[in-house]
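Participant: Encoded as structure tokens, here's the structure I'll be asking about.
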Amino acid sequence: MSSDLMVRDELLRRLHADPALRAVREGLARGERVLTISGVHASGAKAFLLAALHSLLRPREETVHPLVFVSADEDLEALGEEVRLFASLIGDTSLRLVLLPAFDVSPFDGLSPHPALLQQRAHALTTLARGEAEIALVDAKALLLRTPAPADLLRLDLRLGRGEEIAPEALVSTLRTAGYVREDPVREPGQFSWRGGILDVYSPSEPAPVRIEFFGDEIASLRAFDPESQRSTATLDRTRLVPLREFVVSQEEVKRWSEHLEREWPDPQFAHDRKRVRIAAQTGDLPHGWEFLTPLTRPLTSTLCDLLPTGLFLMDDAARLFAYLEEFRQAMETRHEQARENGRIVLPPDHYFLTPTELMARMAERPRLELHPLGRPSEFLSEEAPSSREIAWRALSPKSVLSPTTEWPAILTPRPGALTFLVAHSKPLAEHFLKLLAEREVPVDLFSPSTSDPPSAFREDAHRWPLTILIGRLRHGFHLPSLGLLVLSQQDVLGDEPEMPAAAPSRERTRAAFLSDFKDLKPGDYVVHVDHGIGRFEGLVQLTAPDGIAQDFLLIRYADEARLYVPVDRLDLVQKYIGADGHPPRLDRLGGTSWLRTKARAVRAMRDLAEELLKLHAERKLIPGHAFSPDTPWQAEFEAGFEYELTPDQARALEEIKRDMERPVPMDRLLCGDVGFGKTEVAMRAAFKAVMDGKQVAVLAPTTVLVEQHYRTFTRRFAPFPITIAQLSRFCSRAEIARTLRGLEEGTVDIVIGTHRLLSRDVRFHDLGLVIIDEEQRFGVWHKERLKQLRHRVDVLTLTATPIPRTLYMALTGLRDLSVIQTPPPDRLAVQTLIVPFSPALIRRAIERELERGGQVFFVHNEIETIHEIVHLIRQLVPHARIGIAHSRLPERELERAVLRFVRQELDVLVTTTIIENGLDIPNANTILINHAERFGLADLYQLRGRVGRSHRLAYAYLLTPPESTLSTIARQRLAALKEFSDLGAGFRLAALDLELRGAGNLLGPEQSGHINALGFELYCQLLERTIRELRGETIEEEIVPQITLRLSLRIPEAYVPEMSQRLHIYKRLASARTEQKLAELREELKDRYGPPPPEVERLLLLGSIRNAAISLRVRAIERELSHITIRFADPDRVTPRQRRAFLAVHPSAEFTSDGALRYTIAAQNEHELLLRLRDDLLLLHAEAYNSSGTGDMRRGRTR
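Letter 1017 of the sequence shown, counting from 1, is numbered 1075 in this note's numbering, and no numbers are missing.
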């Protein structure tokens, strides 16, 4: 065999020669309708078979397309990742694969499916209807589901190209019908905005949102843009806009539903549902579960079989599949009867599902492959159908060729003639394997699917192919003797249990740092004027001066109904008010002295805080500590064992921590990040580094439950290494505690994880080097004192799940060593949030659905007196559920035991008050029901809801409320806020911010929280940063922003930017832009988003340049009377003779007056020319100021 024969070529040769696969190809070519392939059991082998069949059948013109894999119990997303991996190995790097899930609710639950699931189904169905999918992975239940006709699906699946014609109004109408929501700016999939000739839209099928610019009805340009910056990033030729749901409905159709129900369902028991639809017909708000009302006016006549007239179906374990579908259809009949008994308007199951018999009839004439692990014939066909021919294709476990005693890396040594592959989860781990095996002289290569020339070559001397490492995800390896193929998963080699991520491409998005940019400002919100204090924003108003010049102003109302009109060019003085406790502030008195006193008090308190922090910071630098050694090879091996790549924030935090540890002074670093953002992985790497230097590590957690969680995580992660880990808490026996204490003193325990028990006097360490503290703010005063003493001797890393606002992080830089992880895990799905009236039937359905998929449920009921009634109700509704209870009046041990049982999955439902700590990470709990949701604040709901949705599973939050008729006015207002929250609108962002501010209060202490409330958060941070800089001895010159009165019309026309919130946002950015670069970027962004700026906006941008030049010259005011300009300087003495001479050379009639003013005349044809000349005159003075100070020439090109 020649040395240049490549692995891919060899694999393809073996696939073509394989007797079983050849028999499949020949059988299909002869027209055999049913072929049974026996012996395929492992999911990895199924994925490889799909990729192989796709490769082998694709070249044949008569081959049916696509391959449709139907399974009752496969994880389709994980299987899809594996199919893509093997397809790239075989040579197809652009496989068109779709997943078709079934609905996550039944048509009889009165609930809508999860939006992410609706998007996935709509994308799959439209792609299949167009004949563009090569492989479809289908949930068995979806095979029974009726679907809209192919023509209806394709009507909303749009392909747009540059130069094509389509009426923009018609496109906007189609997007609304397809489920898109109008939102400006567009940031998330499913949103669009329309601004006079420019349409922004974010289709789930595209990697980024697209900006479509029209010239009349012609598409003049297509550009991808960044959803954060809103700037265009690439020019496109074509784009695809897919519908967000398979069902579409118009307002007229909802009215017809209402009429139909009034006529056909008149019984009193159905009054509630009739009312829901009637209100929807009047308001346009679709009711929960509206998707399943569509057959009222448009029967669903198609099925998946109709979308795939030439598809080749692969039925996974066909006999079991048929039994499963029978059970499912029977369950739907039962659900339908229960719903009718409960007074719900529901159509019979036949409107939504085929019967298994009907499905059999449709499948009987189709060619089909049936997979069977044991080779028994299928009962899937009717008696008239011909019996299937069985083809054996044995896929064995890797254990069949690996001895249980074989140790790594001997496992990976290639066997003669065999093709051996190892699948590593990440590039760092793959490179680590590559290095280790190369050191042991094991022939090994790293496969890259992007190259057309894979590297591996046959070793003639050893009759061996090198081991080939693939980067991807594989749950279980397999051995195919007929192909001489061994594929090993990471689990087969290292024994870890990987969790498959969501299949969507990772879209890493850092939470934007909070700035008061006015995007979410609405009338009634509180604002802070730097000079006048806290008032209430009343709106953006236009005032016209006596000379007819119109200008926009921000109207703020103060105490005693006093009003302040702030010109839009001075919005840099105004910030949105956000306090630390969420309570509304008291309005200040316009012109009073209380605001000045409030600011002075806060600055004094800040100075005290900053002095204390600076003192501690300086003291710690003088204390000698242990300087840890640089990373060892074992450290690299430990870090490579992490199954995901670190996010940029994690990598930066780890680098900062290691740098601190390697310094000869004790580390004291705070690591902030939300639950599930990867703090523990960073902490474990620091712990490993300490142990490698012969030091011990203590991990402190505030509760036994968190100790248990950390102990499990550390034990699993450190398993491949000879490191001893122990735990110390009240749930340990006396013997275990004694053994641990002895091990700590003798040095045989490397890492101990415990509660405050670790701080007891009887705990002695042999050589403690690192203390990791989780949620320090939750320890008591005595414990904090003990921790303060520890900080002087050993390195301390403190973890907190309370997020810290970035503005505070910047202000504290240099005082506290802070690391912040703001990047969420890749592909975390949004939690579907439903506001529904309290209903026992709905509670039963929600709990049963979560338990059916092996998950767990939180039920939050915040009244201890009645919590046992809820437990009793759930026991009646779901008798088979294992239910636990948690509230603050339980004895501490009993409370901890209940939560621990839930963490260990010994309970299905935990009925709890809000006591359960936010630090818990329970990925298996993905449904939460919150009773009396109207009594909670937005931030509390945000935090509660965050307890679910921590895995790649779809998650649900049910906000249960009383009937609206019984609610007070305040409760109704809260419900309105909840509706905004559930739509992930502005309320959601403010709730997240509210939590960050609580974090700020926790970090700085209660006294500083009071000052945050008094000043508003943004002004507090600005003053704190200034105070710290002053204490460090920096010279701070107060910025003077000039009062500019030019008697010009300065406003953004509504025709250019229609939405008030966006105009406010642009005004704010204009007023805050302090450099020419910022102004130029803003101009480009406006041109990109809204088209060429009109003259009014160009004047505003020029005014920004004038203001910035005036600030650098310390100009106090600029005034204009007709053609006469007066410039007043704050420090007239700083205007040098050289500046005066240069200015008089250009303007001989100009006058520098004794009171520090410059007066001269500008002759201009129009307002734009006036602004240009004024800007250039200021730049002339600015340039001469730099020349006279010897710092170089900054003169700009002059426009005359």
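Note that CB positions come from ideal geometry on N, CA and C, so glycine has one too.
1) Please state the DSSP three-state secondary structure of D408.
2) For my contact list, V588 and L631 are in at a C-beta cut-off of 8 Å; report their separation, rounded to the angstrom.
3) For G1162 versus L1128, is the C-beta spacing smaller than 7 Å?
4) Which residue comes first and which comes last in the alpha helix (DSSP H) that contains F1075?
5) Would P353 and L302 qualify as a contact pair, given that the criterion is a beta-carbon distance under 7 Å?
6) Assess, as a yes-or-no matter, whether the segment 960–976 is touched by the segment 910–920 under the definition of 3 or more beta carbon pairs within less than 8 Å.
7) For a test of the three-state rule: what should DSSP assign to P326, helix, strand or coil?
8) Do L134 and L169 have their CB atoms nearer than 7 Å?
9) Would you mind stating whether L629 and Y1078 have Cβ atoms separated by less than 7 Å?
10) Who are the Cβ neighbours of P243 in its own chain at under 6 Å, not counting the five residues just before and after it?
11) What span of residues does the beta strand (DSSP E) with M373 cover, start to end?
12) Pop quiz: G752 and V723 are said to be a contact at Cβ under 8 Å. What is the actual Cβ separation, rounded to whole angstroms?
13) Specify, as a first and last residue, the run of the alpha helix (DSSP H) that I795 falls within.
14) Give me, in chain order, the residues of the same chain whose beta-carbon lies closer than 8 Å to that of V749; leave out the 5 immediate sequence neighbours on both sides.
15) Roughly how many angstroms separate the alpha carbons of R91 and E84, rounded to a whole number?
16) Using a Cβ-Cβ cut-off of 6 Å (strictly less than) and excluding sequence neighbours within five positions of Q934, which residues of its own chain qualify?
17) Tell me whether the segment 378–395 and the segment 192–201 touch, counting them as touching only if at least three CB pairs, one residue from each stretch, are closer than 8 Å.
18) Identify the residues that DSSP records as bridge partners of T634: which are they?
19) Starting from D1146, trace the alpha helix (DSSP H) both ways and give me its first and last residue.
20) Which whole runs of the alpha helix (DSSP H) in the segment 697–736 are 4 residues long or more, in chain order?
21) Using the rule of at least 16 other Cβ atoms within 10 Å of the residue's Cβ for burial, across every protein chain shown, is W840 buried or exposed?
22) Could you tell me which residues DSSP puts in a beta bridge with I277?
23) Thinking C-alpha only, which one of F273, E276, F250, S308 is nearest F283?
24) May I have a chain-ordered list of the alpha helix (DSSP H) segments no shorter than 4 residues that lie completely inside the segment 732–779?
25) Kindly list the residues whose CB is nearer than 6 Å to the CB of P247, restricted to its own chain and excluding five residues on each side of it in sequence; keep chain order.
26) Alpha carbon to alpha carbon, what distance is there between N984 and D503?
27) With DSSP as the reference, label E120 as helix, strand or coil.
28) Output yes or no for whether 7 Å exceeds the beta carbon distance between V765 and Q785.
29) Looking at A496: is its Cβ nearer than 7 Å to the Cβ of A488?
30) Should the segment 292–299 be called in touch with the segment 316–329, which here means at least 3 C-beta pairs below 8 Å?
31) Taking the DSSP output, what are the residues bridged to I592?
32) Rounded to whole angstroms, what's the CA-CA distance from T185 to T359? Just pull it up for me.
33) How should L216 be labelled, buried or exposed, when 16 other C-beta atoms within 10 angstroms of its C-beta is the threshold for buried?
34) So, helix, strand or coil for A75, using DSSP?
35) Please state whether DSSP places R452 in a helix, a strand or coil.
36) If you draw a straight line from the alpha carbon of L1018 to that of G347, how long is it in whole angstroms?
Facilitator: Per the coordinate set shown:
1) For D408, the three-state secondary structure derived from DSSP is helix.
2) That belief holds up - the Cβ atoms of V588 and L631 are roughly 5 Å apart, short of 8 Å.
3) yes
4) Segment 1075–1089, the alpha helix (DSSP H) holding F1075.
5) no
6) Verdict: yes, contact present.
7) In the structure shown, P326 sits in a helix (DSSP, three-state: H, G or I).
8) no
9) No, the pair does not count as a contact, with Cβ atoms beyond the cut-off.
10) Q288
11) 370–374
12) No, G752 and V723 are not in contact; Cβ-Cβ is about 19 Å, not under 8 Å.
13) 792–804
14) V755, I781, D808, I809
15) 12 Å
16) none
17) yes
18) Correcting the residue type first, residue 634 is Lys in the shown sequence and not Thr. In the DSSP output, where bridge partners are listed per residue, K634 has V585.
19) Note, D1146: alpha helix (DSSP H), 1134–1148.
20) 706–719
21) exposed
22) F272
23) F250
24) You should have 737–750, 762–776.
25) Y260, P262.
26) 41 Å
27) Interpretation of E120 is limited by its pLDDT of 45, a score under 50 that renders its predicted location unreliable; the figure taken from the coordinates is listed afterwards. Note: E120 maps to coil in three-state DSSP.
28) yes
29) no
30) no
31) Residue pairing from DSSP places I592 in a beta bridge opposite V586.
32) When rounded, the distance between both Cα atoms is 19 Å.
33) buried
34) helix
35) Here R452 sits in coil by DSSP.
36) Going by C-alpha positions, L1018 is about 16 Å away from G347.
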